[in-house]
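Contents: one structure, followed by commentary.
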Amino acid sequence: MEATEKDILRGGQFLVKETKCEDVFTPEDFSEEQKMMKEAVMEFNEREIIAHKARFEAKDYALTEEVMRKAGELGFLGVAVPEAYGGLDMGFVSTLLVCDYISSGTGSFSTAFGAHTGIGTMPITLYGTEEQKQKYVPKLATGEWFGAYCLTEPGAGSDANSGKTTAELSADGKSYKINGQKMWISNAGFCRLMIVFARIENDKNITGFIVEYDKTNPNGITLGEEEHKLGIRASSTRQVFFNDTVVPVENMLAGRGEGFKIAMNALNVGRIKLAGACLDSQRRILTTAVQYANERKQFNTPIADFGAIKYKLAEMAASAYAGESATYRAAKNIEDRIALRQAAGNSHQEAELKGVEEYAIECSILKVAVSEDVQNCADEGIQIFGGMGFSEETPMEAAWRDARIARIYEGTNEINRMLSVGMLVKKAMKGHVDLLGPAQAVQDELMGIPSFDTPDYSELFAEEKEMVAKLKKLFLMVAGAAVQKFGPELDGHQQLLIAASDILIEIYMAESAILRAEKNAKRFGEDAQVVQIAMAKLYLYNAVSIVEKNGKESIISFAEGDEQRMLLMGLKRFVKYTNYPDIVDLRLAIAEKVKAENKYCF
Numbered sequence: 122m123e124a125t126e127k128d129i130l131r132g133g134q135f136l137v138k139e140t141k142c143e144d145v146f147t148p149e150d151f152s153e154e155q156k157m158m159k160e161a162v163m164e165f166n167e168r169e170i171i172a173h174k175a176r177f178e179a180k181d182y183a184l185t186e187e188v189m190r191k192a193g194e195l196g197f198l199g200v201a202v203p204e205a206y207g208g209l210d211m212g213f214v215s216t217l218l219v220c221d222y223i224s225s226g227t228g229s230f231s232t233a234f235g236a237h238t239g240i241g242t243m244p245i246t247l248y249g250t251e252e253q254k255q256k257y258v259p260k261l262a263t264g265e266w267f268g269a270y271c272l273t274e275p276g277a278g279s280d281a282n283s284g285k286t287t288a289e290l291s292a293d294g295k296s297y298k299i300n301g302q303k304m305w306i307s308n309a310g311f312c313r314l315m316i317v318f319a320r321i322e323n324d325k326n327i328t329g330f331i332v333e334y335d336k337t338n339p340n341g342i343t344l345g346e347e348e349h350k351l352g353i354r355a356s357s358t359r360q361v362f363f364n365d366t367v368v369p370v371e372n373m374l375a376g377r378g379e380g381f382k383i384a385m386n387a388l389n390v391g392r393i394k395l396a397g398a399c400l401d402s403q404r405r406i407l408t409t410a411v412q413y414a415n416e417r418k419q420f421n422t423p424i425a426d427f428g429a430i431k432y433k434l435a436e437m438a439a440s441a442y443a444g445e446s447a448t449y450r451a452a453k454n455i456e457d458r459i460a461l462r463q464a465a466g467n468s469h470q471e472a473e474l475k476g477v478e479e480y481a482i483e484c485s486i487l488k489v490a491v492s493e494d495v496q497n498c499a500d501e502g503i504q505i506f507g508g509m510g511f512s513e514e515t516p517m518e519a520a521w522r523d524a525r526i527a528r529i530y531e532g533t534n535e536i537n538r539m540l541s542v543g544m545l546v547k548k549a550m551k552g553h554v555d556l557l558g559p560a561q562a563v564q565d566e567l568m569g570i571p572s573f574d575t576p577d578y579s580e581l582f583a584e585e586k587e588m589v590a591k592l593k594k595l596f597l598m599v600a601g602a603a604v605q606k607f608g609p610e611l612d613g614h615q616q617l618l619i620a621a622s623d624i625l626i627e628i629y630m631a632e633s634a635i636l637r638a639e640k641n642a643k644r645f646g647e648d649a650q651v652v653q654i655a656m657a658k659l660y661l662y663n664a665v666s667i668v669e670k671n672g673k674e675s676i677i678s679f680a681e682g683d684e685q686r687m688l689l690m691g692l693k694r695f696v697k698y699t700n701y702p703d704i705v706d707l708r709l710a711i712a713e714k715v716k717a718e719n720k721y722c723f
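Numbering (our numbering), first residue to last: 122 to 723.
Given below as structure tokens:
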């Protein structure tokens, strides 16, 4: 069924409109083609990456390059690239799926793959001229050339637009000379092409350039030594120095001063792809942990039988389930939005750019949530392994080290938290998401008399869905009051923005898990989804606690007197279950299933 404009929620609208479970895409909806692709990628991951884990950990950079070439030969580097430029043009969900299942063998390969297919290739497919695309994209799609992305500088990290690298037009107007220094450049050691950001004269914004790099004729480009990093050890990461590097004028990407826009939009895609890249890592960490817990005996009992370990396994499973649910939900929204725009006559470039940009809020939410969940999961994995978890002989310590970078790159989680709320407020001001109406309705509700009717919760998830609706009201109540108080100055209150974003994140993740479990219970029967239902309920229960903490902290930080009392009363009303779930029972059901299957099995 073709999606129509009115069917698809716009980015951020999940907060103010109800989503029906039939309208979300879940991993259980993969097509036959997608399932085949998943199998092929998993097989590649086992054969080429996991089998050589020790070599990656020993900083074998040549192996990373070799496996990247093999991925190119199999078409995995070109899944998102249009057929016209040598790619498979597979659609957004499929590209995310490939990223998901190819990324769990080692963070070293995952980083090389992500940097090349995302920020190394996409700026050209999305912003390049026809000539630029014809010249460069086929080489990148097949792995003949590898790409790198040169944005960060010693003095320009999160403030990406403050870079000091310069581009000076030659006297004959035919080329630019680039001078400057870039750092933390993934794939620098084996790339043939760099997307480089530099400033022309005193322009307010930086400009993007496509720069070829040939070791035999370096054109003023020199590389620093390989960085020694906590994790992703075989991912090539170097400083890059430009000394009068000559770049023809036709290699400018988009227009002068448009580099900042390119950088920001490339990062939107990078963020949801990074969430995808953490998913199978999380599944694999849980599987490794439960297998160890089933084998390891203490006090004559497998440690998987102890309640303290079951607690960990259940929480790890529930967060993995919610991460999958939310990431594929958003990916399908993006894919549908791209299809709509193409049907309306937009070019592939325009459709993809606008499609992803529409869901920039969700991309930031997912980046934060899934990167933190995979880190927590790896941390608990080490704990389940005990002393062995701390040893390089077991896979947990490498998983923990590799996971750590995910909270930093593609914009730190702090930046993404503030962005998600900031973008939502901007959308409201542009009229793309009506927050004012619903926020006013919540205020009116608080002034009215609450209903004392006993609700009917006989239907599956009836109370959970009502809880999600109440959490949305809570966000609108807190954010609405904060916007009223601070107006445009809200940007300066970072702790408040971060607290609001944690509420926003939990709403999206919990709702996604519930909608997926509900959809599957309707089509496969509730009996077949008992544990999935338990995971969705457990995730929501945890989400409510996080929302309550952040809501309370926000209210007492900016409101006082009667306003504070009223808001705290609203908070209490919006986080209260009528029937609390038996959390211990939910965890036991999840843990027993994982234990019996000896793996993450959902």
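Each residue gets a CB set at the ideal place from its N, CA and C atoms; glycine is no exception.
Taken through DSSP and simplified to helix, strand or coil, Tyr248 comes out as helix. Within the segment 625-692, the runs of alpha helix (DSSP H) at least 4 residues long that lie entirely inside it are, in chain order, 651-679. According to DSSP, Gln419 shares a beta bridge with Thr422. Take the alpha-carbon of Cys312 and the one of Ser231: they are about 16 Å apart. In this structure, DSSP gives Ile393 a helical state, which the three-state scheme calls helix.
Following the DSSP letters along the chain, one finds Gln360 inside the beta strand (DSSP E) bounded by residues 358-369. By the neighbour-count criterion, in which a residue is buried when 16 or more other Cβ atoms sit within 10 angstroms of its Cβ, Gln255 is exposed. Within the same chain, Cβ atoms closer than 8 Å to the Cβ of Val202 are found at Gly208, Leu209, Asp210, Thr242, Thr246, Val258, Leu261, Ala262, the five residues on either side in sequence being excluded. Judged by their CB atoms, Glu478 and Leu388 are not nearer to each other than the 7 Å cut-off.
Nearest neighbour of Arg131 by Cα position, chosen from Ser215, Ile459, Asp574, turns out to be Ile459. In this structure, DSSP gives Lys256 a helical state, which the three-state scheme calls helix. Between Leu581 and the set Pro559, Val554, Val563, Gly646, the nearest pair of CA atoms involves Gly646.
Tyr297 sits in a strand when the DSSP states are folded into three classes. Per DSSP, Thr286 has no beta bridge partner at all. The C-beta separation of Ser446 from Ser633 comes to about 4 Å, placing the pair in contact by the 8 Å criterion. For the pair Glu348 and Thr358, the Cα-to-Cα distance works out to about 6 Å.
Annotated as distal: Arg538 and Ser468, with beta-carbon spacing of 7 Å or more. In the structure shown, the three-state DSSP call for Leu314 is strand.
For Cys271, there is no enclosing alpha helix (DSSP H); the residue is found in the beta strand (DSSP E) stretching over 268-271. In this structure Val491 touches Gly444 by the C-beta definition: roughly 5 Å separates them, less than 8 Å. Put simply, of Val554, Val200, Arg320 the residue whose alpha carbon is nearest the alpha carbon of Glu154 is Val200.
Just so you know, the alpha carbons of Met598 and Gln564 end up roughly 7 Å apart.
With a 10 Å radius around the Cβ and a threshold of 16 neighbouring Cβ atoms, Phe420 comes out exposed. Residue environment for Lys643: exposed (fewer than 16 other C-beta atoms within 10 angstroms of its C-beta). For Ala710, the closest C-alpha among the options Leu659, Ser678, Asn282, Phe695 is that of Leu659. Counting along the chain, Phe330 sits inside the beta strand (DSSP E) bounded by residues 328-333. Secondary-structure assignment with DSSP links Lys303 through a beta bridge to Val361.
Annotated three-state conformation of Leu195 is coil, per DSSP.
Here Glu164 carries a helix assignment [DSSP, helix/strand/coil]. Around the beta carbon of Phe723, 16 or more other beta carbons lie within 10 angstroms, which makes this residue buried. Below 8 Å, enough C-beta pairs join the segment 383-402 and the segment 488-508 to call them touching: three or more.
With fewer than 16 neighbouring CB atoms inside 10 Å of its own CB, Val370 falls in the exposed class. The residues Met539, Val542, in chain order, have a CB closer than 6 Å to that of Leu618 in the same chain once the five nearest residues on each side in sequence are set aside.
If you ignore the 5 residues before and after Val188, its C-beta comes within less than 7 Å of the C-beta of Glu169, Ile170, Phe230, all in its own chain and listed in chain order. Under DSSP, Asn338 takes part in a beta bridge, and its partners are Asp335. Counting along the chain, Asn537 sits inside the alpha helix (DSSP H) bounded by residues 534-551.
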